[in-house]
Amino acid sequence: MARSAFANDEARTSNATSTPVLSCEGLRKSYGDLVAVNNVSFHISPGETYGLLGPNGAGKTTTIAMVCGLLNRDAGEIMIDGERMTPGSVGLKSRIGYVPQEIAVYPDLSARENLTFFARLYGIPRSEAKSRIGEVLDTVGLADRAGDLVKTYSGGMKRRLNVGLGLIHRPKLLILDEPTVGVDPQSRNSILESVGRLSSEGMAVLYTTHYMEEAERLCDRVGIIDSGELKAEGTQRELVDLVGEHDRIQVTATGDLEAGATAVRRNNSTREASVGDDGITMIVDGARSALPQLITTLAEAGVQVRSIDVTEPDLEAVFLHLTGKALRD
Amino acid sequence: MRAVLVITANDLKQRMRDRSALLIAVVVPLALAFIFSQTLSGVSGGSVTFRYAVVDLDQGDISQSFTQELLGHLESNGVIELTTVDALEEGRQLAADGDVQATFVVPEGFSQSVMSNQPAEIQVLGNVDQQIATSVAQSIAGTFINQVRAVQVSVATAAMNLSDIDFQELAQRAAAFPDPIVIEDVSASRSELDTETFFAAGIAVFFLFFTVQFGVSGILDEKKQGTMSRLLAAPVSRASIIIGKLLTSFVLGIISMAVLALASTYLIGANWGNALGVGVLIVAGVVAAVAVMSLIASFAKTSEQAGNAQSVVALVLGMLGGSFFPVAQAGGVIESLSLVTPHAWFLRGLGNLQGGGGLSDIWLPVLAILAFAAVTGTAASLRLGKTVEQ
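Chains A and B, in that order, give the protein sequences. Number 57 in the numbering used here belongs to position 57 of the first sequence; there are no gaps in the numbering. Number 245 in the numbering used here belongs to position 245 of the second sequence; there are no gaps in the numbering.
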């Protein structure tokens, strides 16, 4: 189905000149004969949300684990805010906010106590911690349940706290590993809104998901990853262009359908037009801009249009084209 | 160091909310110590007075040596209360009714049998509900009989060479042997603990090895609940995470032992001895417990696995170390094996303190405990690094 444009090209262009908050070059990690991540390179600028899109087992979590220092890499370089990340770079970790895929909270503590613990662990002074904890609780919508033990929370509330714990120290780079898996629609929306807001405030975000919709909604750029390799990256438009996918217009109509198809084929944006049982299917470049002219052409050819369905190529189609399989395979 | 303290404080906060930790660390050991000390007091400490009757059907010199000198001595020392009856049936009835716990019966002709080098015996009629008191009575009678037999052998040996000796006089003189059973307070001279302190300390150190599990197994709990990845992603070294968990165990162990020492002192009358020495022993014991439990945890994949293995090890070490029974008194292999446990050395050290000793009297137990800690702790440190992972 058609989706709104998601690429914030202007923002990305303006940020491209500044030092990337995260820069990965040639990352590689293997387990015996299994190569989990192979030669993965990408960078993220301040205020940019970068999505790693791929199915389960594609290498997203392994890549994140290397960036966060949870795993030692076999090869490659990781630069955080211009500084090289090594196994001994404990201090650099304070610039990263990590939200793991699984819910990683202390169930026998309250949300406020969980946040207080991590605030202290990140060295936030007590005088500041209280206000920051309040901010985070507001951000994730848990202020009214802050004093309750986490084990009494719903799954969605735990997920939101899971995100909040990664924000307590105001990181320059927020890394979220599939934070909405198993979340109810309301909590998912809340999480996505929070991430979007943080990005707009200048935080760099690395977001892994296998939900195409989330990547399209949230990410300025997307990296398509599969079998440990980054297959392609760019804005949605760039990725679509890269694989040569085109828009599809399905017209349900009556009248002289053959004449209508012949007429639209003469339009420069039309690549293909075929007549079906109850209408005409057209493959075009830039469906949105071409559509008014095509409707006019069909009317002039004696075709009475009853309904129109426009399908723009999405990341699912891109992924299918690049890997030969669907995202949820 | 800040990160270590933050991690430890967080762990302790969670453990304090876990009632099972409180139960294992304080409530259960204190309750058990109370029950054991009340049930078994006197058996090893001599503070209970046994109630016995004696029927002397012989009325001879040797039998009077038993009834008047031996039993009379025990009665005068407050070890027993003695009722003398004339008839066997009366003595049997007293025991059967529970008026006394056991009745000694010296049969007619007992002295004559002894002096004529014939087999002689003293019967013990015990109440079926007083097995311990009956066993003690049997032990008293058995000791006397053994001494008599020794005299018989001596007399027989003398008779072979000295034909002109008055056998009866010799037998009577021999019968007047020194007290065959000496009851005195030997705790100080032999470094043995009184009953209350033995059970309080033994059970406390036994449960110590369960209590410290809560800290070291926390590493595996963090992995299970996913928070280990957060800790690893935080600006904290892996060493700080490990030390934080070990410190949690250490603090829990110290709190548990301190509370038990104080509570057992005031609630069940235990006497742990010199406070400074007790403190040193407790610290050494807690270090050893943390070290060995860390080693066990380092081999486990889950906290459940670790808990099971740690419980087995704690149980074996506790039993072998004499937490419930003074197994070292069995001698031989068991005594030697008990010396590889920190429990045995802890109790030895405490015995030295209770006997009036000070720091200078516990250096060997402390060194032994710390040696145990060094061996297991070194092995644990080589493995725990691998445990702290995502």
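The C-beta atom is built at its ideal place from N, Cα and C for all residues, glycine as well.
Partners in chain B for residue i, counting only beta-carbon separations shorter than 7 Å
{"i": "P100 of chain A", "result": "G226, S229 and R230"}
{"i": "K29 of chain A", "result": "By Cβ distance, chain B contributes nothing, its closest Cβ being about 13 Å from K29 of chain A, past 7 Å."}
{"i": "K93 of chain A", "result": "A233, A234 and P235"}
Residues that residue i contacts on chain B, provided the C-beta gap is smaller than 8 Å
{"i": "R126 of chain A", "result": "Within 8 Å Cβ-Cβ: nothing; R126 of chain A doesn't reach chain B, min ~12 Å."}
{"i": "P107 of chain A", "result": "Q225"}
{"i": "Y140 of chain A", "result": "According to the sequence provided, residue 140 of chain A is Val. The question's Tyr does not apply to it. Within chain B, no residue comes near V140 of chain A; the closest Cβ sits about 16 Å away, beyond 8 Å."}
Residue i vs residue j beta-carbon contact at 7 Å
{"i": "Q362 of chain B", "j": "G351 of chain B", "result": "It is worth fixing the name first, because residue 362 of chain B is Ile in this sequence and not Gln. Not closer than 7 Å, so no."}
{"i": "D222 of chain A", "j": "G51 of chain A", "result": "Residue 222 of chain A is actually Val in this sequence, not Asp. Closer than 7 Å, so yes."}
{"i": "V305 of chain A", "j": "A253 of chain A", "result": "yes"}
{"i": "G76 of chain A", "j": "L27 of chain A", "result": "yes"}
{"i": "V284 of chain A", "j": "D247 of chain A", "result": "yes"}
{"i": "A233 of chain B", "j": "Y98 of chain A", "result": "yes"}
{"i": "G324 of chain A", "j": "L298 of chain A", "result": "no"}
{"i": "M79 of chain A", "j": "S23 of chain A", "result": "yes"}
{"i": "Q250 of chain A", "j": "T281 of chain A", "result": "yes"}
{"i": "V240 of chain A", "j": "T49 of chain A", "result": "no"}
{"i": "V90 of chain A", "j": "S237 of chain B", "result": "yes"}
{"i": "I191 of chain A", "j": "A119 of chain A", "result": "no"}
{"i": "T197 of chain B", "j": "D11 of chain B", "result": "no"}
Own chain residues within Cβ distance below 8 Å of residue i, not counting five before or after
{"i": "N274 of chain B", "result": "L353, G357, G358 and L359"}
{"i": "L370 of chain B", "result": "A284, V287 and A288"}
Cβ-based neighbour list, residue i, same chain, cut-off 6 Å, excluding 5 preceding and 5 following
{"i": "Q310 of chain B", "result": "Q213, M293 and I296"}
{"i": "V114 of chain B", "result": "I62, A120 and V148"}
{"i": "E81 of chain B", "result": "T49 and R51"}
{"i": "G377 of chain B", "result": "A291"}
{"i": "I254 of chain B", "result": "V286"}
Exposed unless 16 or more other CB atoms sit within 10 angstroms - verdict on residue i
{"i": "L208 of chain B", "result": "buried"}
{"i": "F250 of chain B", "result": "buried"}
{"i": "A31 of chain B", "result": "exposed"}
{"i": "S65 of chain B", "result": "buried"}
{"i": "L70 of chain B", "result": "buried"}
{"i": "R197 of chain A", "result": "exposed"}
{"i": "G277 of chain B", "result": "buried"}
{"i": "Y266 of chain B", "result": "exposed"}
{"i": "F199 of chain B", "result": "buried"}
{"i": "E83 of chain A", "result": "exposed"}
{"i": "I203 of chain B", "result": "buried"}
{"i": "M396 of chain B", "result": "Look at the range of chain B in this structure, 1 to 390, and you will see that residue 396 of chain B is not part of it."}
{"i": "G156 of chain A", "result": "buried"}
Rounded straight-line distance, which links the Cα of residue j to that of residue i
{"i": "T209 of chain A", "j": "L142 of chain A", "result": "24 Å"}
{"i": "E245 of chain A", "j": "T235 of chain A", "result": "14 Å"}
{"i": "L246 of chain B", "j": "Q225 of chain B", "result": "19 Å"}
{"i": "E304 of chain B", "j": "V313 of chain B", "result": "14 Å"}
{"i": "E316 of chain A", "j": "V195 of chain A", "result": "22 Å"}
{"i": "T8 of chain B", "j": "D138 of chain A", "result": "28 Å"}
{"i": "R15 of chain B", "j": "F117 of chain A", "result": "15 Å"}
{"i": "G46 of chain B", "j": "F372 of chain B", "result": "With a pLDDT of only 45 at G46 of chain B, under 50, the local geometry of the prediction cannot be trusted, and the value read off the model is given with reservation. Taking the straight line from one Cα to the other gives about 34 Å."}
{"i": "G255 of chain A", "j": "L242 of chain A", "result": "37 Å"}
{"i": "E258 of chain A", "j": "E300 of chain A", "result": "13 Å"}
{"i": "I175 of chain A", "j": "H43 of chain A", "result": "13 Å"}
{"i": "V318 of chain A", "j": "M203 of chain A", "result": "28 Å"}
{"i": "H321 of chain A", "j": "L230 of chain A", "result": "14 Å"}
{"i": "E312 of chain A", "j": "D278 of chain A", "result": "21 Å"}
{"i": "S139 of chain B", "j": "G78 of chain B", "result": "17 Å"}
{"i": "C219 of chain A", "j": "R188 of chain A", "result": "15 Å"}
{"i": "V4 of chain B", "j": "K130 of chain A", "result": "21 Å"}
{"i": "K172 of chain A", "j": "D74 of chain A", "result": "25 Å"}
Contacting residues, own chain, Cβ-Cβ under 7 Å from residue i (five flanking each side not counted)
{"i": "T63 of chain A", "result": "L27, V37, V40 and L52"}
{"i": "A141 of chain B", "result": "F104, I122 and V124"}
{"i": "V366 of chain B", "result": "V280, L281, A284 and G349"}
{"i": "Q293 of chain A", "result": "N267"}
{"i": "G91 of chain B", "result": "A53, V55, V85, T103, V105 and L125"}
{"i": "R17 of chain B", "result": "none"}
{"i": "P178 of chain B", "result": "Because the pLDDT of P178 of chain B is 44, which lies under 50, any placement of that residue in the model is unreliable, and the question is left without a value."}
{"i": "V150 of chain A", "result": "V105, Y106, P107, L109, S110, A111, N114, K158 and L161"}
{"i": "A344 of chain B", "result": "G321, G322, A328 and S338"}
{"i": "T211 of chain B", "result": "I24, A25, L252, G253 and S256"}
Proximal residues of chain A, C-beta to C-beta of residue i below 8 Å
{"i": "V6 of chain B", "result": "F117, R120 and L121"}
{"i": "Q14 of chain B", "result": "Y106, D108 and L109"}
{"i": "R17 of chain B", "result": "D108"}
Proximity test, residue i beta-carbon vs the ligand ZN heavy atom, cut-off 6 Å
{"i": "M1 of chain B", "result": "Absence of the ligand ZN is noted for the structure shown, with no ligands found whatsoever."}
Proximal residues of chain A, C-beta to C-beta of residue i below 9 Å
{"i": "A3 of chain B", "result": "R120, L121 and G123"}
Chain-ordered chain B contacts of residue i [CB-CB under 9 Å]
{"i": "C68 of chain A", "result": "S229, L232 and A233"}
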